[in-house]
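Asker: Protein chains in written order, with my numbering: chain L, 12 to 367; chain B, 12 to 367; chain W, 12 to 367; chain V, 12 to 367. Here you go, one structure.
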């Protein structure tokens, strides 16, 4: 009779709704279905480096499905990046410490729950000889290779609710309301919440905007008897340098708000949603996605399949090599059907006016 | 120069969140993108029979994206079913009246937004010579041929929130809480909300349950130190006739609640969510789905493609023949990945105990 | 130097949102402000009878402010009511067991968090010689002597949201929707949620309704172009016996729904909100009310004031003798300003037609 | 037989949840109970100046109870402040135009719904000879003379939900999260949402904070094993000038966030809730408060009582002279029972450490 299977699990990078659902998904199926033992590392890769962990059991995994945040804690620790680039020794030592923890605990596999950065680290650990499985999370939905990462739909709900609220002020005061949502590289959140919230202009990093188009579009609305507008801005859109070549010390939303008021004279107000987008209980869909991705990771381990990431492909849960994921970002394709659809309803993406 | 294109639009069957988003999706793209004129019929097929309509414009379509219900009204009117089966004349007369309305208004196409029953009627109208396009809605998600119908995710949200609430009472009182959700033929809503809400037992019409399995599962939980349980029941599961052969005058949830208390002696309480599952503002995702399906319908008309229904196939919006849809129901396949996943976490579907 | 003060705490009766906030309010101020030790009894008076408890500290009280239910558990155990009326011995023994627990733990006071029944028991324990302080909770808001009991506003929020949802179905289908909310003796919840939700008819136990008034009111709405109505019914309104003198085996909401359909011929649907009204996270206001009432209880103990209940009197937190509370119910006075206000806007309470 | 009574109604100042509920409260009771005619002016005092209005009837007042914003529109127009202080003529002309509108429409009274600024204007109009009644609204709850103004509880709900979300990120990342809520002069919103959200430090304009106390408090938490904290900041707290005597070009929340990180070295993040605090559907309680205050205004007019404002005094709706309200602000008294209560649970208000 073989020895029991032991797995480690950690959550790394920014927190997002569904982390606990994913931990539960991995852990419960590992314990109930496959009879494994599960060790949770504290605060992302820091816990792995410092061998800081607690064993998880059915009881500690019960009741966490709906909780926001992560019971394991998280951190921005990147073990393959040293504290100082010049300190060669420390660059090497963290991965070595990780290896030691892995071996001391007798782990058969490590489950890394995180975003793009975490998948990159997970892949490096796999290359270094550890068995690793990845589970993708991110409110940005920009992990390559999976239709959905959990956290995204919760963030869409929060951002859409905020846009709904801004609508009433926009209408009552005849104002232009600019709302900045998260999304450094990818505009998924701005796109989904912008469409769901009925945004008039949606600006995402993937589509280059033209100030004059924005001006003209808002003026046309004004002329058409709509003296209020909602502009949804992803935080990662390009904003120009100052004339002196320095970067602006304010965000994309503030920039758009300023130029809109300047160009059009319309009363404009800005809201930056900030951290509320990543906190709180996961939406029902994120609970399902997180549970599914987590459970699949345990299944992969039970089949001794490593170096993979759980992923959604339409309604199937599949796995793809970490090697394919690491270092990539899933951005919004310009021919995304939602963009086409929104244009057809008169939404402006800053590049062209509707019906030109 | 050709004449303008004129389309009619109606919402039929039970109301659900997203109907207004779909009306807006059809109407705005028809008007803005294709320059069509749009006529909205009141109260489903009744408005079509009685030529009761109002023309819709950009203004009347503005601000309705987030509103629950339908600005057009709806009804259960089925024009191909007479008031009395023996009254042959009236069976014929309603479709004739519809044809007259269609011709008098000079319509080029009719958009029917509704569920399975509506798609069936839409197909019959198409067979009778009218140009028709269908848009699928239903909180049950049981329209054949499309991954999603709008209304479903809103209902999942409502049902999940209710299950979350019942958890606190179940835990505090050590009770078994039975919650009955909608779903006559298909268990999609029970399945999704049951998993998202962490239901311990989920009973759906597609999986035959065994009373003894339910009894044993609850007793095992009790023994394992979990003296509380949540049972999610689709209203359409089979419940046995009374001993005298008559049907029971109570619902599936009540039946399960009674036999659980009887079999196990556990304190059991029942909640029937009822109509709150189909009311209120649509969830962000339903707004997107409804807008997408609606916009696609207008696109089909612009391409003179009729006899079709807008449908989601993964992330693409496609069209499928009404002929393929009519008369079918999309039930939950027994090998659905979510069922497999939930079983692996210890959820019971009433047919077998976990790990047997 | 005097000995430390030790207090016991329990939650009894039906669970409701805010119980944990109240436990935290008592416990944190007892520990932080007054240096007391706090013992939590499990499952209401059962824990007190069976000496089943755990000591609470700052850590175990942290993070529970927002949690629904009660971390201590609750039960319907009434120690002054025997299991069988004939079993005189056991009637006496439970209070004796309680006294033993109280003395063995060296308690200086017992905090009883609960509704009317719990305050009655608390008073009896006080009469029997124990130091007792009460904290009122109830979603019904019917505890005598306090403006608010926590749980009420959370229930108002849930019921109002449900009524909001029913409105969209009522309007879309031109239906009469009957919604039954909790409230056996007092109509506070029906009154508040009925007004907040824009109910057309509100029926509460304190106002005798007349079937003919309901009929006439609905017919007037119908004639006035409003073919939809919302009727909010408290579960405790009187419904007549059957003709054979037996009681009806259905609820007040079902009764009203049936007679409305019968009398008016209007399509009528019923929803019974049930247990979702008492579950889930407390509303912000209930968190404040519960914390305030709990903190005041600790303050009373620090001042050696016993036999009292924390209470809200406008914006002040005061205390009133349990002797005054026990055995009473706070019902809605017929001259309540909200009733007068709602009548003036055309709301019907079933007794008279507006403007008669 | 006397002539019909005609009233005007307007909403002025910043929008907030419940404005439509108040319009409906005034209008429905005026029409249904008192048989008055009701004229709604567009965009606050602008509509009154420019005689821009529409008559309201039962139909136009139906279904607006739950809508955010204001169907009448609002503006910051202050008729007693000229566009330029030197332009004496225009200073006089706006009130004259208002008088003309009032007389031309044959109004018997004007209902002004707004905050402190609006009540001041209302009082000036009353002094100038018009019949005026005021209805207080504000999310800041700082209108003098009334316990509650509608908008406040909705804002408390939104801010508390945001704080709940920030808690999960604070805990998962061991961060200090600073959240800035509205409140220029009064800290009601920060106080209520801070207590309801379990804020560790609450800073309000009424209590002078000491940087060193904040530093020490956070360090004590850190030492006590709580490496995360929530700081709730009212936007109106004093922040010091720069060393060069100039004002800082960032907000109170940013200032606190910076000094916390500087003083303690703790990872700190800031969120500014902004406009989402004043948008969206009113909470059930605000619907009731708004309806009650509005209905009372109509009642006052029916009794020919002018120069008054509807107000809440505990559970009674009363009226107080506009003369008493105008120019005052209701700030949080330092002996407010909630502050005392929160201190007793260990909350810090920046002035002293708990238990010093």
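Every residue gets a Cβ at the ideal spot worked out from N, C-alpha and C, and that includes glycine.
Could you check whether the region 254 to 265 of chain W touches the region 257 to 265 of chain V, counting it as contact only if at least three pairs of C-beta atoms, one from each stretch, sit closer than 8 Å?
Answerer: Taking 8 Å as the limit for Cβ pairs, the verdict is that the region 257 to 265 of chain V does not touch the region 254 to 265 of chain W.
Asker: Taking 8 Å as the CB-CB cut-off, is residue 165 (chain L) touching chain B?
Answerer: no
Asker: For the beta strand (DSSP E) containing residue 64 (chain B), name the first residue and the last one.
Answerer: 64 to 67
Asker: Kindly provide the ranges of any alpha helix (DSSP H) runs that are 4 or more residues long and lie completely inside the region 290 to 330 of chain B, ordered along the chain.
Answerer: 295 to 313
Asker: Who are residue 125 (chain V)'s beta bridge partners in DSSP?
Answerer: V:147
Asker: Hey, quick one: how far does the alpha helix (DSSP H) through residue 212 (chain V) stretch, first residue to last?
Answerer: First-last for residue 212 (chain V): 212 to 214, but that is the beta strand (DSSP E), not the alpha helix (DSSP H).
Asker: Considering just the uninterrupted stretch of the beta strand (DSSP E) at residue 274 (chain L), what are its terminal residues?
Answerer: Where residue 274 (chain L) is concerned, there is no enclosing beta strand (DSSP E), although the alpha helix (DSSP H) it sits in stretches over 263 to 275.
Asker: Would residue 248 (chain L) and residue 286 (chain L) qualify as a contact pair, given that the criterion is a beta-carbon distance under 8 Å?
Answerer: No Cβ-Cβ contact shorter than 8 Å links residue 248 (chain L) with residue 286 (chain L).
Asker: Among W:44, W:43, W:60, W:64, which has the Cα closest to the Cα of residue 53 (chain W)?
Answerer: Considering only alpha carbons, the answer is W:64.
Asker: Which residue from V:205, V:359, V:233 puts its Cα closest to that of residue 173 (chain V)?
Answerer: V:205
Asker: Going by the beta-carbon positions, is the gap between residue 7 (chain V) and residue 132 (chain V) smaller than 8 Å?
Answerer: Within the shown structure, residues of chain V are numbered from 12 to 367, placing residue 7 (chain V) beyond reach of any answer.
Asker: Tell me which same chain residues have a C-beta within less than 8 Å of the C-beta of residue 110 (chain W), skipping the five on either side of it?
Answerer: Setting aside the 5 residues that flank it on each side, residue 110 (chain W) is surrounded in the same chain by 139, 140, 141, each with a C-beta closer than 8 Å to its C-beta; the list follows chain order.
Asker: Does residue 171 (chain L) come out as helix, strand or coil in the three-state DSSP assignment?
Answerer: Of the three classes helix, strand and coil, the one that applies to residue 171 (chain L) here is helix, per DSSP.
Asker: Counting along the chain, where does the alpha helix (DSSP H) carrying residue 237 (chain B) start and finish?
Answerer: It is not in any alpha helix (DSSP H) - residue 237 (chain B) carries neither H nor E in the DSSP assignment.
Asker: Between the C-alpha atoms of residue 238 (chain B) and residue 275 (chain B), what's the straight-line distance to the nearest angstrom?
Answerer: 11 Å
Asker: Tell me which residues of the region 179 to 211 of chain B have at least one Cβ-Cβ distance to chain W shorter than 8 Å, keeping chain order.
Answerer: 179, 180, 182, 183, 184, 185, 188
Asker: Name the two residues that bound the continuous beta strand (DSSP E) containing residue 51 (chain V).
Answerer: 48 to 52
Asker: Would you mind stating whether residue 186 (chain B) and residue 282 (chain B) have Cβ atoms separated by less than 8 Å?
Answerer: no
Asker: Who are the near neighbours of residue 294 (chain B) in its chain, counting only those whose CB is closer than 6 Å to its CB and skipping five residues on each side?
Answerer: 164, 165, 168
Asker: Buried or exposed: which applies to residue 326 (chain V), given that a residue is buried once 16 or more other Cβ atoms fall within 10 Å of its Cβ?
Answerer: By the neighbour-count rule (16 or more Cβ atoms within 10 Å), residue 326 (chain V) is not buried but exposed.
Asker: If you measure from the beta carbon of residue 349 (chain V) to each beta carbon in chain W, is any gap under 8 Å?
Answerer: yes
Asker: What are the boundary residues of the alpha helix (DSSP H) that includes residue 10 (chain V)?
Answerer: Outside the shown range of chain V (12 to 367) lies residue 10 (chain V), about which nothing can therefore be said.
Asker: How would you label residue 31 (chain L), buried or exposed, when you count the other beta carbons within 10 angstroms and need 16 or more for buried?
Answerer: buried
Asker: Go ahead and pull the three-state DSSP assignment for residue 332 (chain V).
Answerer: strand
Asker: Within the continuous alpha helix (DSSP H) that includes residue 60 (chain W), where are the two ends?
Answerer: 56 to 60
Asker: With C-beta atoms as the reference, is residue 312 (chain V) less than 8 Å away from residue 144 (chain V)?
Answerer: Residue 312 (chain V) is a Cβ neighbour of residue 144 (chain V), given a cutoff of 8 Å.
Asker: Short check: CB of residue 349 (chain L) to CB of residue 202 (chain L), under 8 Å?
Answerer: yes
Asker: Can you give me the Cβ contacts of residue 359 (chain W) inside the same chain, cut-off strictly under 8 Å, excluding the 5 residues immediately before and after it?
Answerer: 211, 212, 213, 224, 225, 228, 365
Asker: Please confirm whether residue 148 (chain L) has its beta-carbon closer than 8 Å to some beta-carbon of chain V.
Answerer: no
Asker: Less than 8 Å between the C-beta atoms of residue 55 (chain W) and residue 33 (chain W), yes or no?
Answerer: no
Asker: Please confirm whether residue 277 (chain V) and residue 123 (chain V) have their CB atoms less than 8 Å apart.
Answerer: no
Asker: Given a threshold of 16 other Cβ atoms within 10 Å of its Cβ, counted over all protein chains shown, does residue 127 (chain L) qualify as buried or as exposed?
Answerer: buried
Asker: Using 10 angstroms around the beta-carbon of residue 6 (chain L), count the other beta-carbons present and answer buried if the total reaches 16, otherwise exposed.
Answerer: This structure cannot settle anything about residue 6 (chain L), because the visible part of chain L is limited to 12 through 367.
Asker: Leaving out the 5 sequence neighbours to the left and right, which residues in its chain are closer than 6 Å to residue 307 (chain B) when beta-carbon positions are compared?
Answerer: Cβ within range, chain order: 321, 328.
Asker: For the region 278 to 291 of chain W, enumerate the residues whose C-beta is nearer than 7 Å to any C-beta of chain B, in chain order.
Answerer: 280, 282, 283, 285, 286, 287, 289, 290, 291
Asker: From the DSSP secondary-structure annotation, give me the bridge partner or partners of residue 21 (chain V).
Answerer: According to DSSP, which records beta bridges pairwise, residue 21 (chain V) is partnered with V:123.
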